[in-house]
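Written out below as structure tokens is the structure these notes cover.
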Amino acid sequence: KAPPLSGRLCVITCSEQCKVTVTTNATRGNVVLEDASEAVVDLAGATEIPIAGAGAGGYTGPHPDQWNAVGQPECWMSIVNARQCHGDADGTSQGKNKFWVSTNDLDILIASWNKTFAELDGQMINGIPLICGDFDHLPQGKQQFRVSTNDLDILIANWQAADAPAPDCP
285 KAPPLSGRLC VITCSEQCKV TVTTNATRGN VVLEDASEAV VDLAGATEIP IAGAGAGGYT
345 GPHPDQWNAV GQPECWMSIV NARQCHGDAD GTSQGKNKFW VSTNDLDILI ASWNKTFAEL
405 DGQMINGIPL ICGDFDHLPQ GKQQFRVSTN DLDILIANWQ AADAPAPDCP
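Per the numbering used here, the sequence shown starts with residue 285, numbered consecutively.
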């Protein structure tokens with residue numbers, strides 16, 4: 285399955301400290317996409333960042349038992365998405381005001397709504413795992429829904445705030 289023509293092309297996760305070099309290829313549209321029009325390579329803030337992979341204890345947030353129970357999703361790791369605990373399911377901003385919590389995140393929350401981990405496991409929307417809509421990292425209710433009202437409350441609290449919330453998830 286081909287990646288979308290816009291948005292995140294890939295995420296690189298290292299199991300130990302590593303150096304990643306990205307070189308564009310102008311004859312193939314800089315970054316290889318199906319559409320060979322010129323692409324923008326966004327490396328802002330991507331230099332000299334120490335990286336800890338999932339297998340090496342890369343999750344530093346609350347409830348590590350829950351992180352393990354749901355397959356160690358990368359989107360819960362602050363090094364991958366430092367706003368996920370605030371309602372940013374996809375790790376990208378939208379619009380000129382840089383809304384980090386917006387309609388793309390709502391789409392993921394809706395697709396994940398009131399589902400158990402067994403129902404979410406391996407499921408994606410626009411390349412984003414549905415478990416990324418679990419903003420509080422806890423199951424809820426008798427059925428142990430991964431995405432429910434607590435997660436909706438988090439999304440609402442940060443809904444379409446310009447260049448917010450801060451990237452400070454643990």
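Cβ coordinates follow ideal geometry from the N, Cα and C atoms, glycine included.
Whole angstroms is fine: what's the gap from residue i's alpha carbon to residue j's?
| i | j | result |
| --- | --- | --- |
| residue 376 | residue 364 | 11 Å |
| residue 367 | residue 351 | 16 Å |
| residue 396 | residue 417 | 7 Å |
| residue 342 | residue 450 | 20 Å |
| residue 446 | residue 384 | 8 Å |
| residue 388 | residue 444 | 11 Å |
What whole-angstrom Cβ distance do residue i and residue j have, given they're in contact under 8 Å?
| i | j | result |
| --- | --- | --- |
| residue 420 | residue 435 | 6 Å |
| residue 454 | residue 345 | 5 Å |
Checking contacts by CB at 8 Å: is residue i closer than that to chain C?
| i | result |
| --- | --- |
| residue 360 | The structure shown contains no chain C; it is built from a single protein chain. |
Looking only at its chain, what residues have a beta carbon closer than 6 Å to the beta carbon of residue i, apart from the 5 residues adjacent to it on each side?
| i | result |
| --- | --- |
| residue 333 | Bear in mind that the predicted position of residue 333 carries a pLDDT of just 48, short of 50, making it unreliable; the figure below should be weighed with that in mind. Closer than 6 Å at Cβ, skipping near neighbours: no residue. |
Comparing alpha-carbon positions, which option in the options lies nearest residue i?
| i | options | result |
| --- | --- | --- |
| residue 390 | 433, 453 and 342 | 433 |
| residue 414 | 344, 357 and 342 | 357 |
| residue 448 | 374, 392, 370 and 393 | 370 |
| residue 353 | 440, 401 and 295 | 401 |
| residue 373 | 440, 410 and 392 | 392 |
For residue i, which residues of its own chain have a beta-carbon under 8 Å away from its beta-carbon, when the five flanking residues on both sides are left out?
| i | result |
| --- | --- |
| residue 379 | 386 |
| residue 398 | 427, 429, 431 and 432 |
Using C-beta distances below 7 Å, list every residue in its chain close to residue i, excluding the 5 sequence neighbours before and after it, in chain order.
| i | result |
| --- | --- |
| residue 452 | 366 |
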